[in-house]
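The next block holds one structure in the form of structure tokens; read it before the comments.
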Amino acid sequence: MVVTRTLDGLLPADVLGRQDPELAELLIGELDRQSTTLQLIAAENFTSPAVLAALGSPLANKYAEGYPGARHHGGCELVDVAERLAVERAKALFGAEHANVQSHSGSSAVLAAYAALLRPGDTVLALGLPHGGHLTHGSPANFSGRWFDFVGYGVDPESGLIDYEQVHALARTHRPKAIVCGSISYPRHIDYEAFRAVADGVGAYLIADAAHPIGLVAGGAAPSPVPYADVVCATTHKVLRGPRGGMLLCGAELAERVDRAVFPFTQGGAQMHTIAAKAVAFGEAATPAFAAYAHQVVANAQALAAGLTAEGLAVTTGGTDTHLLTLDPAPLGVDARTARGRLAAAGLVLDTCALPHPDVRGLRLGTAAVTTQGMGEAEMARIAVLLGQALREEPAGRLVREEVRDLTGRFPPYPG
Ligand SMILES: *Cc1c(COP(=O)(O)O)cnc(C)c1O
613 MVVTRTLDGL LPADVLGRQD PELAELLIGE LDRQSTTLQL IAAENFTSPA
663 VLAALGSPLA NKYAEGYPGA RHHGGCELVD VAERLAVERA KALFGAEHAN
713 VQSHSGSSAV LAAYAALLRP GDTVLALGLP HGGHLTHGSP ANFSGRWFDF
763 VGYGVDPESG LIDYEQVHAL ARTHRPKAIV CGSISYPRHI DYEAFRAVAD
813 GVGAYLIADA AHPIGLVAGG AAPSPVPYAD VVCATTHKVL RGPRGGMLLC
863 GAELAERVDR AVFPFTQGGA QMHTIAAKAV AFGEAATPAF AAYAHQVVAN
913 AQALAAGLTA EGLAVTTGGT DTHLLTLDPA PLGVDARTAR GRLAAAGLVL
963 DTCALPHPDV RGLRLGTAAV TTQGMGEAEM ARIAVLLGQA LREEPAGRLV
1013 REEVRDLTGR FPPYPG
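Here it is in structure tokens:
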């Protein structure tokens, strides 16, 4: 194919600013917010300009229901190539026999995994929501809790670690059709081999919801669920640093069921611009630079955990193996909601989360975004001190805000 023009020349400069200044101003304001505050939300990252270019490309115009070579629309020759590239890159990156890259989000991927393996009313064993399970792991407000009979396992209230004995006991009692492992706030590696053994013992499917750690897996900084789980669900926008979206990985024997569970069972036309952006992100994630990034993300989380512990905060499980950590701010005399508000005012953006002790909420922090900005352990130590200051005394907030502005100014997410 001969490319006769560049994407850069496709749109006149500042086309949005001239056509719709109201919205352009919002977008610029959001870029400014992201660039001048610290993004410590564990599920967020800064995707690359190349990924953003794919997202903003004319592939956004294309209807492509179905799969490459078998579409319900004409004109899919080039987007077919884009999807095949995304699939091949995902399979190579994760060593999977099959990849489906069409899921619109992490939740859609989990819905598809259930649709592929379960029938309404089936029993499913998953980490309980009060212990860090996702909405799709049996919340009564979500399709999962409405259509399936979820039983929740937990983490030990003292250690904060998954109680594998309890998982085993619950599996024997309830005989689930599937067991789900994965969490929105578990800071340690999950023992996929142990889950596989429990699942095999009761004849259950094992679904790994690796939405959070899949980017670490790509970079070789966390164990892979692929050899153990029947289906792996993931997002592409967390540590993996791609566009917002989902993905499923599985063995060849489940490939067709998984594909049908995505389209036509739970979704319509694939978002080809997002799929192209996923291909770009998988390409980036296969590089040595991304492996170094993934390892730095973990080193940064560990440095942050050590710094926050030194500030007197109670870090769950005493640290982290991953990009995220959770803590109880109670030792500094604030509850999690108050803490989140105070920290946001000081320019530190993060979430509240469930903690191992029932009915207590804590704070969840992640290092994927600040590491993409180029920050290292020294900056994590400084962030821990700033966080402690902002929590301890309210008047400190303004001084902390200035220092956050200075710090982020030295590590712009989109330089130039
Ligand atoms: C983020 C996440 C999801 C959902 O991803 P969305 O893209 O927000 O739908 C599902 N499961 C787990 C464990 C997650 O962390």
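Residue 613 is where the sequence shown starts when you use our numbering, and the numbers rise one by one after that. Idealized CB from N, CA, C, for every residue including glycine.
Alpha carbon to alpha carbon, how far is Ala889 from Pro855? Give it in angstroms, no decimals. For this step, residue 855 is matched to residue 243 along the sequence shown. For this step, residue 889 is matched to residue 277 along the sequence shown. In a straight line, the C-alpha of Pro855 is about 6 Å away from that of Ala889.
Could you check the C-alpha separation between Ala833 and Gln631 for me, to the nearest Å? Taking the first residue of the sequence shown as 1, we reach residue 833 at position 221. Taking the first residue of the sequence shown as 1, we reach residue 631 at position 19. CA-CA distance, Ala833 to Gln631, rounds to 45 Å.
Please say whether Val1016 and Gly959 have beta carbons closer to each other than 7 Å? The residue you call residue 959 lines up with position 347 of the sequence shown. The residue you call residue 1016 lines up with position 404 of the sequence shown. Going by C-beta atoms, Gly959 is nearer than 7 Å to Val1016.
What are the start and end residues of each continuous beta strand (DSSP E) run of 3 or more residues lying completely inside the region 848–876, in chain order? Uninterrupted beta strand (DSSP E) stretches at least 3 residues long and entirely within the region 848–876 occur at 858–862, given in chain order.
Cβ atoms of Pro1024 and Ser660: under 7 Å apart, would you say? Looking up residue 660 in the sequence shown gives position 48. Looking up residue 1024 in the sequence shown gives position 412. Taking the C-beta atoms as reference points, Pro1024 is found no nearer than 7 Å to Ser660.
Shorter than 6 Å, the distance from the beta carbon of Gly827 to the closest heavy atom of ligand 1, or not? Here residue 827 corresponds to residue number 215 of the sequence shown, with the count starting at 1. The answer is no for Gly827.
With DSSP as the reference, please indicate the residues paired to Thr964 in a beta bridge. To locate residue 964, count along the sequence shown from 1; it is residue 352. Its beta-bridge partners are Leu975.
Contact set for Ala738: own chain, Cβ-Cβ below 7 Å, skip 5 residues either direction: The residue labelled residue 738 in the question sits at position 126 within the sequence shown. Sequence-distant Cβ neighbours of Ala738 in its own chain, meaning closer than 7 Å and more than five residues away, are Gly745, His749, Gly750, Phe762, Gly764 and Val792.
In its own chain, which residues sit with a C-beta less than 6 Å from the C-beta of Pro788, not counting the 5 before and 5 after it? As a position in the sequence shown, residue 788 is number 176, starting the count at 1. Excluding positions up to five away in sequence, the list reads Thr735, Val736, Leu737 and Ala816.
Distance between beta carbons of Thr932 and Leu967, contact taken as under 8 Å: To locate residue 967, count along the sequence shown from 1; it is residue 355. To locate residue 932, count along the sequence shown from 1; it is residue 320. The C-beta distance from Leu967 to Thr932 rounds to 14 Å, too long to meet the 8 Å contact threshold.
Would you list the one or two residues that DSSP bridges to Phe762? Here residue 762 is taken as the residue at index 150 of the sequence shown, counted from 1. Val736, per the DSSP bridge assignment.
DSSP three-state assignment for Tyr679, whether helix, strand or coil: Taking the sequence shown and counting its residues from 1, the one referred to as residue 679 is at position 67. Here Tyr679 sits in strand by DSSP.
Contacts around Ile802, its chain only, beta-carbon distance under 6 Å, and the 5 residues preceding and following it disregarded: Locating residue 802 in the sequence shown gives position 190, counting from the first residue. Result list for Ile802: Cys793, in chain order.
To the nearest angstrom, report how far apart Phe877 and Ala727 are at their CA atoms. Locating residue 877 in the sequence shown gives position 265, counting from the first residue. Locating residue 727 in the sequence shown gives position 115, counting from the first residue. In this structure, the CA atom of Phe877 is about 8 Å from the CA atom of Ala727.
Ala846 to Gly924 span [Cα, whole Å]: The residue you call residue 846 lines up with position 234 of the sequence shown. The residue you call residue 924 lines up with position 312 of the sequence shown. Going from the Cα of Ala846 to the Cα of Gly924 covers about 34 Å.
Leu818 beta carbon less than 7 Å from that of Asp842: To locate residue 842, count along the sequence shown from 1; it is residue 230. To locate residue 818, count along the sequence shown from 1; it is residue 206. Against a cut-off of 7 Å, the Cβ pair of Leu818 and Asp842 comes out as a contact.
Around ligand 1, which residues pass a check of Cβ closer than 5 Å to any of its heavy atoms? With the cut-off at 5 Å, the residues found are Ser717, Gly718, Ser719, His746, Gly794, Ile796, Asp821, Ala823, His824 and Thr847.
Rounded to whole angstroms, what is the Cα-Cα separation between His885 and Pro752? In the sequence shown, counting from the first residue as 1, residue 885 sits at position 273. In the sequence shown, counting from the first residue as 1, residue 752 sits at position 140. In a straight line, the C-alpha of His885 is about 33 Å away from that of Pro752.
Collapsed DSSP secondary structure at Thr929 in the structure displayed: Taking the first residue of the sequence shown as position 1, residue 929 is located at position 317. In the structure shown, Thr929 sits in a helix (DSSP, three-state: H, G or I).
So, for Gln879: in the same chain, excluding its five sequence neighbours on each side, which residues have a beta-carbon less than 6 Å away from its beta-carbon? As a position in the sequence shown, residue 879 is number 267, starting the count at 1. Correct list: empty, nothing qualifies.
Taking the runs of the beta strand (DSSP E) that are 3 residues or longer, which of them lie wholly in the region 773–812? DSSP runs (the beta strand (DSSP E)) wholly in the region 773–812: 790–793.
What is the DSSP secondary structure of Tyr840, counted as helix, strand or coil? Residue 840 sits at position 228 when you count from the first residue of the sequence shown. Coil at Tyr840, not helix or strand.
I'd like the list of long-range same chain contacts for Ser720, defined as Cβ closer than 8 Å, with 5 residues on each side in sequence excluded. The residue you call residue 720 lines up with position 108 of the sequence shown. Cβ within range, chain order: Gly858, Val874, Thr878 and Gln879.
Euclidean distance between Cα positions of Ala867 and Val972: Translated into the one-based positions of the sequence shown, residue 867 becomes position 255. Translated into the one-based positions of the sequence shown, residue 972 becomes position 360. Going by the C-alpha atoms only, they are around 41 Å apart.
Just verifying my parser: in three-state terms, what is the DSSP assignment at Asp947? Against the sequence shown, residue 947 aligns to sequence position 335. Coil, per DSSP.
DSSP state of Gln1001, grouped into three classes? The count along the sequence shown starts at 1 and reaches residue 1001 at position 389. Correct three-state label for Gln1001: helix.
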